[in-house]
Amino acid sequence: MNEDVEELKDGENPVDCRTYYRRGNVFLEKNDFDKAIEYYNTALVLNPGFAEAYYNRGLCYYQMREFDVAIKEFGKAIEFSPLDSKIYVNRGIAYYRKLCFVKAIADFDEAVSLNPSYSKAYYNRGLARGCLQEYKEALKDFDKTIELDSNYVEAYFMRGSVFEALGEYEKALKDFEKTLELNSSHSGAEAKRKLVKLELNKKTRGASESKNAEKLEREGVFFQSEKKSFTEALETPATRFSDVGGMSELKEALRELIIFPLQDAELAESYGKKAGGSVLLYGPPGCGKTFIAQAVAGEANAKLVSAKLSDLLDMYVGNSEKNIHTLFETAKQNTPAILFLDEVEALTGCKTDSGRWERSIINQLLEELDELDKTHSRVLVIGASNAPWLIDPAFKRSGRFDELVYVGPPDECAREEILKIHSRGMPVSENVDFALLARETNGFSCADVKTLCKQAASIPWREALQNKTKRKR
Ligand code: ATP
914 MNEDVEELKD GENPVDCRTY YRRGNVFLEK NDFDKAIEYY NTALVLNPGF
964 AEAYYNRGLC YYQMREFDVA IKEFGKAIEF SPLDSKIYVN RGIAYYRKLC
1014 FVKAIADFDE AVSLNPSYSK AYYNRGLARG CLQEYKEALK DFDKTIELDS
1064 NYVEAYFMRG SVFEALGEYE KALKDFEKTL ELNSSHSGAE AKRKLVKLEL
1114 NKKTRGASES KNAEKLEREG VFFQSEKKSF TEALETPATR FSDVGGMSEL
1164 KEALRELIIF PLQDAELAES YGKKAGGSVL LYGPPGCGKT FIAQAVAGEA
1214 NAKLVSAKLS DLLDMYVGNS EKNIHTLFET AKQNTPAILF LDEVEALTGC
1264 KTDSGRWERS IINQLLEELD ELDKTHSRVL VIGASNAPWL IDPAFKRSGR
1314 FDELVYVGPP DECAREEILK IHSRGMPVSE NVDFALLARE TNGFSCADVK
1364 TLCKQAASIP WREALQNKTK RKR
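When we follow the working numbering, the leftmost residue of the sequence shown carries the number 914, and every step to the right adds one.
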């Protein structure tokens, strides 16, 4: 931070927390969350009761999808500013993203009691209630949102969706049409409008129309807008084991467990080894679970189909199951494939909130895993989790995630390799002592080591930009 203090402009006070808060806001606006957090940290050192700085730091963590940390930050902000309704709304949204709907609703309740004309709070409470299938209550919230803000496009769309779920197609149609009136390129509303029209036709015209509707549904008209496609992201990654620092035992184990059987399935099967199956990588964040999955796919020359479990979840009955099914089908149609499923704990991360909705999704996932296990399909599922203890025990039975592999923080030797890997191609001075740096970075995750290399490179780069000359090595 010293460097930044020197850069203070006229009128900026180096011991005023708001100076750093304002700078943090500049980076927050540019979506440079790491930098913004650095400034908020300083603001909070100068003023540990600075609610807005906690709040904005929470927004950064939320954007970085670190929902647990974001929730803590919003909690701190509430401690110092308990009457600020927007903090409750944002914490509620973070709970919602973690699928903790009951806690989310409690926060939205608080927000509307503090500010009864807060349309966003009603809207989000409606979403959370919809997820709990409390449709009548959800409808009231969307009504209220629209009463407060008659141009709230998504509220019409969601209210229409609730009417659709309740089979009230006329009302649903009106809402989807209103959504399109306000936003003519709303593809979700367009697809749903078609669907409810079909449903209405079914009712009025009888069996022949109904067959047509079913056909269209099978062809995908129904879920066209929400149904996720995983084919765009399909690729064989360029990452290889040589890009992965350390982890030599893990690499060996994965070679035997995954890569060789995938490369020569027949040979593997003749020795009773399966070219497929599933493993669960677990360990702290930033230690390489995703990275190693990419390297496995690259090394095995397999396609990588990947998704975060939370991204597959959808509030409408049946859609999450369809997304999961599509994901597995995509992998099966593109063998050999590595299906990487991140955040496996997302389904069980909040047991108190779990209900019928969640159970049916868990069952879908179990079914897909069992199906793969039976068919020997040259698809290997790699699950990843930071909190394996939250995972439903049913996932850990034989044939499912029965291999658990710990991916922990890098040791000194691994850190040295990672430092070298992430300095490849950069003009590194001969004096850089990688072994010393590896010793000094005890406790760093792989991601931290990578960031260190990137930040170290930006110092001479900035110099070169300013002075138009490169440093001598
Ligand atoms: P999270 O649980 O937060 O998803 P993760 O364990 O999946 O984290 P990664 O996303 O795989 O962590 O790692 C973060 C970054 O760190 C990667 O993009 C990669 O560039 C780098 N990295 C991780 N492990 C290694 C490694 N062994 N060697 C070199 N770089 C690595």
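A virtual CB, placed ideally from N, CA and C, is assigned to each residue, including glycine.
Under 8 angstroms: do the segment 1040 to 1050 and the segment 1003 to 1016 share three or more Cβ pairs, one atom per stretch? Output reads yes: the segment 1003 to 1016 touches the segment 1040 to 1050.
Who are the near neighbours of Ser1121 in its chain, counting only those whose CB is closer than 8 angstroms to its CB and skipping five residues on each side? Stepping through the sequence shown from its first residue, residue 1121 is reached at position 208. At Ser1121, the pLDDT of 49 sits below 50, so the modelled position is not reliable; the number obtained from the coordinates is stated separately. Around Ser1121, the same chain offers no residue with a beta carbon nearer than 8 angstroms, after the five sequence neighbours per side are excluded.
By Cβ distance below 7 angstroms, which residues in the same chain neighbour Val1292 in space, the five residues on each side in sequence not counted? For the purposes of this step, residue 1292 is taken as the residue at position 379 of the sequence shown. If we look at Val1292 and ignore the five residues flanking it on each side, its Cβ neighbours are Gly1189, Ala1244, Lys1245, Thr1248, Ala1250, Leu1252, Leu1285.
Look up Gly1196 in the DSSP assignment and say whether it is helix, strand or coil. Locating residue 1196 in the sequence shown gives position 283, counting from the first residue. When secondary structure is reduced to three states using DSSP, Gly1196 falls in the coil class, being assigned neither helix nor strand.
Indicate whether Thr1092 and Tyr1069 have their beta-carbon atoms separated by less than 7 angstroms. Looking up residue 1092 in the sequence shown gives position 179. Looking up residue 1069 in the sequence shown gives position 156. For Thr1092 and Tyr1069, yes; Cβs fall inside 7 angstroms.
Considering only the beta carbon of each residue, do Tyr1001 and Ala966 sit closer than 7 angstroms? Against the sequence shown, residue 1001 aligns to sequence position 88. Against the sequence shown, residue 966 aligns to sequence position 53. Ala966 sits away from Tyr1001, with the two beta carbons spaced by 7 angstroms or more.
Is the beta carbon of His1335 sitting closer than 7 angstroms to the one on Cys1359? Working through the sequence shown from its first residue, we reach residue 1335 at position 422. Working through the sequence shown from its first residue, we reach residue 1359 at position 446. If you check the CB distance, His1335 and Cys1359 do not come in under 7 angstroms.
Report the residue from Leu1378, Met1339, Asp1346, Leu1350 whose alpha carbon sits nearest the alpha carbon of Ala1370. Translated into positions along the sequence shown, residue 1370 becomes position 457. If we check each option's Cα against that of Ala1370, Met1339 comes out closest.
Whose C-beta lies closer than 8 angstroms to the C-beta of Glu1316 among residues of the same chain, with five residues either side of it excluded? Along the sequence shown, read from residue 1 onward, the residue named residue 1316 stands at position 403. Cβ neighbours of Glu1316 beyond the five flanking positions: Leu1170, Gly1190, Ser1191, Val1192, Leu1193.
Measuring from the CB of Ala1210, is there a heavy atom of the ligand ATP at a distance below 6 angstroms? Translated into positions along the sequence shown, residue 1210 becomes position 297. False, no ligand heavy atom lies under 6 angstroms from that Cβ.
Contacting residues, own chain, Cβ-Cβ under 8 angstroms from Arg1106 (five flanking each side not counted): By 1-based counting over the sequence shown, the position of residue 1106 is 193. Result list for Arg1106: Leu1086, Phe1089, Glu1090, Leu1093, in chain order.
Three CB pairs or more closer than 8 angstroms across the segment 1274 to 1284 and the segment 1144 to 1163: No contact exists between the segment 1274 to 1284 and the segment 1144 to 1163.
Where DSSP assigns a beta bridge to Glu913, which residues make up the other side? Residue 913 cannot be examined here, being either before or after the span of the chain that is shown, 914 to 1386.
Less than 6 angstroms between the CB of Cys973 and some heavy atom of the ligand ATP, yes or no? For the purposes of this step, residue 973 is taken as residue 60 along the sequence shown, with counting starting at 1. No, Cβ of Cys973 sits at least 6 angstroms from all heavy atoms of the ligand ATP.
Just to confirm before moving on: does the CB-CB distance between Ala964 and Ser994 stay below 7 angstroms? Taking the sequence shown and counting its residues from 1, the one referred to as residue 964 is at position 51. Taking the sequence shown and counting its residues from 1, the one referred to as residue 994 is at position 81. Closer than 7 angstroms, so yes.
Locate the alpha helix (DSSP H) running through Asp981, then write down its first and last residues. Residue 981 sits at position 68 when you count from the first residue of the sequence shown. Taken as a continuous stretch (DSSP letters only), the alpha helix (DSSP H) holding Asp981 covers 980 to 993.
Does the beta carbon of Phe1253 fall short of 6 angstroms from some heavy atom of the ligand ATP? Locating residue 1253 in the sequence shown gives position 340, where the first residue counts as 1. Not under cutoff, so the answer is no.
What does the alpha-carbon distance come out to for the pair Asn938 and Tyr953? In the sequence shown, counting from the first residue as 1, residue 938 sits at position 25. In the sequence shown, counting from the first residue as 1, residue 953 sits at position 40. Between the alpha carbons of Asn938 and Tyr953 lies a gap of roughly 9 angstroms.
Pull the bridge partners of Val1292 from the DSSP assignment, please. By 1-based counting over the sequence shown, the position of residue 1292 is 379. Partner(s): Ala1250.
Quick one: residues in its chain with C-beta nearer than 7 angstroms to the C-beta of Leu941, no 5 flanking neighbours on either side, listed in chain order? For this step, residue 941 is matched to residue 28 along the sequence shown. Cβ within range, chain order: Ala949, Asn969, Leu972, Cys973.
Check Val1345 in the structure and name its three-state DSSP category. Counting from 1 along the sequence shown, the entry for residue 1345 is found at position 432. Of the three classes helix, strand and coil, the one that applies to Val1345 here is coil, per DSSP.
According to DSSP, residues forming a beta bridge with Ser1191: The residue you call residue 1191 lines up with position 278 of the sequence shown. In DSSP, Ser1191 forms a bridge with Val1294.
Sub-7 angstroms separation of Arg1153 and Gly1211 beta-carbons: Taking the sequence shown and counting its residues from 1, one reaches residue 1153 at position 240. Taking the sequence shown and counting its residues from 1, one reaches residue 1211 at position 298. In this structure, Gly1211 lies closer than 7 angstroms to Arg1153 by Cβ.
Looking only at its chain, what residues have a beta carbon closer than 7 angstroms to the beta carbon of Val982, apart from the 5 residues adjacent to it on each side? Along the sequence shown, read from residue 1 onward, the residue named residue 982 stands at position 69. Here the set comprises Tyr974.
Pull up the DSSP beta-bridge partners for Asp1255, would you. The count along the sequence shown starts at 1 and reaches residue 1255 at position 342. Asp1255 is bridged to Lys1221.
Within this structure, are the beta carbons of Ile1237 and Leu1254 separated by less than 7 angstroms? Position 324 of the sequence shown, counted from the start, is the residue given in the question as residue 1237. Position 341 of the sequence shown, counted from the start, is the residue given in the question as residue 1254. Note that the C-beta distance between Ile1237 and Leu1254 is not below 7 angstroms.
Below 7 angstroms between beta carbons: does that hold for Lys1221 and Glu1182? Taking the sequence shown and counting its residues from 1, the one referred to as residue 1221 is at position 308. Taking the sequence shown and counting its residues from 1, the one referred to as residue 1182 is at position 269. Not a contact, by the Cβ cut-off of 7 angstroms.
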